[in-house]
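This report concerns only the one structure given below.
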Amino acid sequence: MKRLNTNKLSNPAEFIKLMVIIFVLVSVFLFSQGSSQTQIVVNVVVLLILFIILQSTFVILYKKGIKSLAFWLLMILLLMGISLAVAIWYFSKYGITFQL
Numbered sequence: 869m870k871r872l873n874t875n876k877l878s879n880p881a882e883f884i885k886l887m888v889i890i891f892v893l894v895s896v897f898l899f900s901q902g903s904s905q906t907q908i909v910v911n912v913v914v915l916l917i918l919f920i921i922l923q924s925t926f927v928i929l930y931k932k933g934i935k936s937l938a939f940w941l942l943m944i945l946l947l948m949g950i951s952l953a954v955a956i957w958y959f960s961k962y963g964i965t966f967q968l
């Protein structure tokens, strides 16, 4: 029986490395552009789309039985991001500040 030819991307660890590298390179490229209001909004939207794709990759790999620490790390980052967004929304809506 012949062995199937596989490439490096069929290995989940290599695929995850590639996704993270793409995420970092796109982040660096986007934030090296100008810093106008619309550019910042575009940067955030593109990075959110890439983050959702990266997170869904980890979820799919986790469902397939390939468990990695990166999945749980990204879940913690996602929860921290949501809590930060809620805190920013709350403080901008009610104008409450902490007194030091």
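Numbering follows the numbering used here, with no gaps: position 9 of the sequence shown is 877. Think of the CB as a built atom: it goes at the ideal place given N, C-alpha and C, for glycine as much as any other residue.
By the Cβ criterion, the segment 886–898 is in contact with the segment 921–928, since at least three pairs of Cβ atoms, one from each stretch, lie closer than 8 Å.
DSSP places residue 932 outside both helix and strand once states are collapsed to three, so it counts as coil. For the pair residue 882 and residue 963, the Cα-to-Cα distance works out to about 46 Å.
By the CB criterion at 7 Å, residue 922 and residue 891 fall inside the cutoff.
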